[in-house]
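Have a look at the structure below before the remarks.
2 protein chains.
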Amino acid sequence: MTEVHVAGVGLTHFGRHPERTGRDLFGEAVQRAVTDAGVPRDDIDHLNYGNFMGALAERQAHQAPLMAEAGGLQCPATRYEEACASAGVAVREAVKSIRSGERDVMLAGGMERMTNMGTAGATEGLAIAADELHEVHAGITFPGAYALMASAYFDQYGGSRADLANVAVKNHANALGNEYAQYQREITVAEAMDSPPVADPLHLFDACPITDGAAGLVLVSGEYADEHAVDAPVTITGTGQGGDKMALQDREYLAQTPAARDAADEAYAEAGVKPQDVDVAEVHDCFTIAEVLALEALGFYEVGEGIGAARRGETTRDGDRPVNLSGGLKAKGHPVGATGASQIAELTRLLRGDHPNSDAVPDAEVGLAHNAGGTVASAVVHVLEVAR
Amino acid sequence: MTEVHVAGVGLTHFGRHPERTGRDLFGEAVQRAVTDAGVPRDDIDHLNYGNFMGALAERQAHQAPLMAEAGGLQCPATRYEEACASAGVAVREAVKSIRSGERDVMLAGGMERMTNMGTAGATEGLAIAADELHEVHAGITFPGAYALMASAYFDQYGGSRADLANVAVKNHANALGNEYAQYQREITVAEAMDSPPVADPLHLFDACPITDGAAGLVLVSGEYADEHAVDAPVTITGTGQGGDKMALQDREYLAQTPAARDAADEAYAEAGVKPQDVDVAEVHDCFTIAEVLALEALGFYEVGEGIGAARRGETTRDGDRPVNLSGGLKAKGHPVGATGASQIAELTRLLRGDHPNSDAVPDAEVGLAHNAGGTVASAVVHVLEVAR
Chain E
874 MTEVHVAGVG LTHFGRHPER TGRDLFGEAV QRAVTDAGVP RDDIDHLNYG
924 NFMGALAERQ AHQAPLMAEA GGLQCPATRY EEACASAGVA VREAVKSIRS
974 GERDVMLAGG MERMTNMGTA GATEGLAIAA DELHEVHAGI TFPGAYALMA
1024 SAYFDQYGGS RADLANVAVK NHANALGNEY AQYQREITVA EAMDSPPVAD
1074 PLHLFDACPI TDGAAGLVLV SGEYADEHAV DAPVTITGTG QGGDKMALQD
1124 REYLAQTPAA RDAADEAYAE AGVKPQDVDV AEVHDCFTIA EVLALEALGF
1174 YEVGEGIGAA RRGETTRDGD RPVNLSGGLK AKGHPVGATG ASQIAELTRL
1224 LRGDHPNSDA VPDAEVGLAH NAGGTVASAV VHVLEVAR
Chain C
874 MTEVHVAGVG LTHFGRHPER TGRDLFGEAV QRAVTDAGVP RDDIDHLNYG
924 NFMGALAERQ AHQAPLMAEA GGLQCPATRY EEACASAGVA VREAVKSIRS
974 GERDVMLAGG MERMTNMGTA GATEGLAIAA DELHEVHAGI TFPGAYALMA
1024 SAYFDQYGGS RADLANVAVK NHANALGNEY AQYQREITVA EAMDSPPVAD
1074 PLHLFDACPI TDGAAGLVLV SGEYADEHAV DAPVTITGTG QGGDKMALQD
1124 REYLAQTPAA RDAADEAYAE AGVKPQDVDV AEVHDCFTIA EVLALEALGF
1174 YEVGEGIGAA RRGETTRDGD RPVNLSGGLK AKGHPVGATG ASQIAELTRL
1224 LRGDHPNSDA VPDAEVGLAH NAGGTVASAV VHVLEVAR
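Those sequence lines, one after another, are chains E and C. The first sequence begins at 874 in the numbering used here and counts up one residue at a time. The second sequence begins at 874 in the numbering used here and counts up one residue at a time.
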């Protein structure tokens, strides 16, 4: 089976870009990815593109050919939509395409514009990732849904708002040196605790922001890398996907995310690694509780044990296994359709040693990206490795 | 390379279904496809699902896991969106997945609800498949865009409104016996000519209707078919995809669709067949002119020669190569996200001999499906074969 290498990564700044179109943002990400890869643009066989709610944000669907054009790509293009895991599935199917020999060089990425919708508009827009008939119709939005999950967690396993605040503080600290991050500033536990309530027990600083941004990856086969002497030390060795019932009410557990566990199990098996082999991870912390649930689903902690990880310093940059060194969705930002690719871009830089936070993981060999859709009704996990 | 067989097909009635949800429609299509295939539902590895504008029509994105649930599938699911070619790309990537050995049994299909938006609402919704900044912003909708293409065709190559009316008459005649078709009634050339103008030179009867509906296919590998003695005589032997500039203004020719030509060339090469080998075709006749452009892009006619095909009786059910025996988008209906899979379902039945119009092509060995997005900024072509 062909190996899949990350030959190049490209990110835009994540934040408010009211003056820029989606095609402008994605074009920049492609330009940077192609430059980073040093691969001729014309060698790209196909674009796998993730976008979630362009139909609402820009009245623009059918974005795949448009984004190929914006990126100067002369190849067919396909859009993937899996809520907040849109870019995750775009990358996953690209990995499978290259592995199988169907394609040699691919651009996988995504883009989202959200800030032009305003916070209330974006929150309403995001709600289309939940079950319209049985959740949204009853008044639920994502802050409310994750608040239910957090409440259930506290009830079943314990933990406190302060534990969650430590997750936010950690991720803000990590974003400090990341030029692409939306929030490059530190916060304190007290600030997080005192931030306005959104949906009990979650407060404002438990939530990721509304973000515009784009991300792109150039992925190449091992054969292509060899033939063209492409410098691409990072390999995607595992990919996994899981699914779950869409509505929270239909699930057995509110405070567990089996779709992510299934995705991780598949990715670990493919890569031949175990949870304890993972040196550094980017996980889908759309809310602080989501990071906790991810740590447990990924097998880093037993169920009920992940809540204290940030507080105990185990997932901080000086901890044994740093999580969200990019700043995570919480502080780097969460342009929905770009996030899954952005996580892999950040991990690639961390493993290559050219990320501002690479010094926290100088010996890291195995990285993991965890990207989730909705209340983890879908999840995608990738394992990345670098030879040292 | 593994062969890909169509083991089962499932369609809902295409038409107005105001009382039914999208999940209800897709669940029915899956049920029928699984029953037709005789394959245990639990053997399905993955759902590839096409949908175009659920964000507008039902305020529901993230439909893939929801539709897996509606279909009783215990597998991960991925949504594809490529405007009116959404199901086409969903099927195409499923074919590639099975071929490569990554997956053995897949459900590929799609669904669209549109009639609840009303004709004006749906027309505005459909416009998100065009370039929002440079086309829609200037007031163009798809009837207008295809009218420009028809005008350019008439200017460059000749032809008349009566030629286009013959396409509509042919496709309505074909839909007569199709229980799934939205319009099961004949029309005359005079009726088509006298129908109200929409965008000169296109009149109402040149346009496909607004439709609710769903389609599903069970696709299996040759190995799986052999091991489980699945009766699946139809094989997908070629798949191709092409892309073009999104906006008409950026293209070299208004009256040609090179994305479809590229897709066809790729599919023909894979299947090892030539245009003249195709016995029966389903093409994307969202407007009558679109069928003409398709016939030429597929190599059935030279550029400028396809316009008279229906009038001359070459593409009618008694002609040498019947086109749109299902009734086509024009008369069978066009639930956008389902259409690409519906075409392959119809072709499969035609080739297996269990379609009401199978008697028109009793010896057919090679079928072709042509599915297009927008003004053919994207196109997907599949070649199907049956051994006789």
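Virtual Cβ for every residue (Gly too), placed ideally from N, Cα, C. Predicted, not measured: the structure shown is a model, and the values here were computed from it.
DSSP state of residue i mapped onto helix, strand, coil
i: T988 of chain E; result: helix
i: P1070 of chain E; result: strand
i: M874 of chain E; result: coil
i: V1103 of chain C; result: coil
i: Q933 of chain E; result: coil
i: Y953 of chain E; result: strand
i: N1047 of chain E; result: helix
i: N1244 of chain E; result: strand
i: G1213 of chain E; result: helix
i: H886 of chain C; result: coil
i: Y922 of chain C; result: strand
i: Q904 of chain C; result: helix
i: D1085 of chain E; result: strand
i: T1112 of chain E; result: strand
i: F1173 of chain C; result: coil
i: S959 of chain C; result: helix
i: A1003 of chain C; result: coil
i: V1259 of chain C; result: strand
i: E1059 of chain C; result: coil
Expected contact under 8 Å - CB spacing of residue i and residue j to nearest Å
i: L980 of chain E; j: V903 of chain E; result: 6 Å
i: A1098 of chain E; j: M1066 of chain E; result: 48 Å between Cβ atoms; not a contact.
i: Q1114 of chain E; j: P949 of chain C; result: 4 Å
i: D909 of chain C; j: V882 of chain C; result: 6 Å
i: M940 of chain C; j: F887 of chain C; result: Incorrect: roughly 18 Å between the Cβ atoms, too far for contact.
i: I971 of chain E; j: V877 of chain E; result: 5 Å
i: E1155 of chain C; j: L1049 of chain C; result: With a Cβ gap of about 16 Å, E1155 of chain C and L1049 of chain C do not count as contacting.
i: T875 of chain C; j: E1139 of chain C; result: The pair is not a contact, with the Cβ atoms about 18 Å apart (cut-off 8 Å).
i: A1120 of chain E; j: D1004 of chain E; result: 4 Å
i: V1040 of chain E; j: D1158 of chain E; result: 7 Å
Residue i to residue j span [Cα, whole Å]
i: P891 of chain E; j: H1207 of chain E; result: 16 Å
i: G1012 of chain E; j: L999 of chain E; result: 13 Å
i: L1202 of chain C; j: F1160 of chain C; result: 8 Å
i: D916 of chain C; j: A1132 of chain E; result: 18 Å
i: G1111 of chain C; j: L1171 of chain C; result: 13 Å
i: V1259 of chain C; j: T885 of chain E; result: 49 Å
i: E1175 of chain E; j: E942 of chain E; result: 46 Å
i: E1143 of chain E; j: A1025 of chain C; result: 53 Å
i: I1162 of chain E; j: A1038 of chain E; result: 10 Å
i: H1007 of chain E; j: N1197 of chain E; result: 33 Å
i: S1068 of chain C; j: R1058 of chain C; result: 15 Å
i: G1179 of chain E; j: V1165 of chain E; result: 5 Å
i: I1060 of chain C; j: A1182 of chain C; result: 18 Å
i: V1071 of chain C; j: A1023 of chain C; result: 13 Å
i: D1073 of chain C; j: P1016 of chain C; result: 9 Å
i: S959 of chain C; j: N1230 of chain C; result: 26 Å
i: N1044 of chain C; j: K1205 of chain C; result: 8 Å
i: Q1055 of chain E; j: E1125 of chain C; result: 41 Å
i: D977 of chain C; j: G1177 of chain C; result: 43 Å
i: G860 of chain C; j: K1118 of chain E; result: Outside the modelled stretch of chain C, which goes from 874 to 1261, sits residue 860 of chain C, for which no answer is possible.
i: M990 of chain C; j: G1247 of chain C; result: 19 Å
Within chain A, partners of residue i - CB distance below 8 Å
i: T894 of chain E; result: Although the question refers to chain A, the structure presented lacks it and instead comprises the protein chains E and C.
Chain E contacts from the stretch 923 to 948 of chain C (Cβ-Cβ distance under 9 Å) = Per Cβ criterion, the list reads N924, F925, M926, G927, A928, L929, E931, R932, Q933, A934, H935, Q936, A937, P938, L939, A941, E942, L946, Q947 and C948.
key: Against chain C: residues of the stretch 960 to 983 of chain E by CB proximity under 8 Å   = Under the 8 Å Cβ criterion, the stretch 960 to 983 of chain E contributes V962, E966, K969, S970, R972, S973, G974 and E975.
inquiry  = Which residues of the stretch 1236 to 1248 of chain E have a Cβ closer than 9 Å to any Cβ of chain C? Give them in chain order.
reply    = Listed by position, the residues of the stretch 1236 to 1248 of chain E near chain C (Cβ gap below 9 Å) are G1246 and G1247.
task = Give, in chain order, every residue of the stretch 1183 to 1194 of chain E whose Cβ lies closer than 7 Å to some Cβ of chain C.
result = Within the stretch 1183 to 1194 of chain E, contact with chain C at the beta-carbon level (separation under 7 Å) is assigned to no residue.
inquiry  = Count Cβ pairs between the stretch 1235 to 1251 of chain C and the stretch 1143 to 1163 of chain C that sit closer than 8 Å; are there 3 or more?
reply    = Under the Cβ criterion (8 Å, minimum of three pairs), the stretch 1235 to 1251 of chain C counts as touching the stretch 1143 to 1163 of chain C.
query = Contact between the stretch 1082 to 1089 of chain E and the stretch 968 to 987 of chain E: three or more CB pairs below 8 Å?
reply = In this structure the stretch 1082 to 1089 of chain E lies against the stretch 968 to 987 of chain E, because at least three pairs of beta carbons, one per stretch, are closer than 8 Å.
key: Contact between the stretch 1217 to 1226 of chain C and the stretch 1095 to 1110 of chain C (3+ Cβ pairs under 8 Å)   = The stretch 1217 to 1226 of chain C, when compared against the stretch 1095 to 1110 of chain C, does touch it at the 8 Å Cβ threshold.
ask   = Would the stretch 1185 to 1201 of chain E and the stretch 933 to 945 of chain E be scored as touching if the rule is three or more Cβ pairs under 8 Å?
value = With a cut-off of 8 Å, the stretch 933 to 945 of chain E and the stretch 1185 to 1201 of chain E do not count as touching, because too few Cβ pairs lie within range.
Contact between the stretch 1207 to 1216 of chain C and the stretch 957 to 971 of chain C (3+ Cβ pairs under 8 Å) = Contact holds: three or more Cβ-Cβ distances are below 8 Å.
message = Please identify, using Cβ separations under 8 Å, the residues of the stretch 1095 to 1118 of chain E that lie next to chain C, in order along the chain.
response = The stretch 1095 to 1118 of chain E vs chain C, Cβ under 8 Å: Q1114, G1115, G1116, D1117 and K1118.
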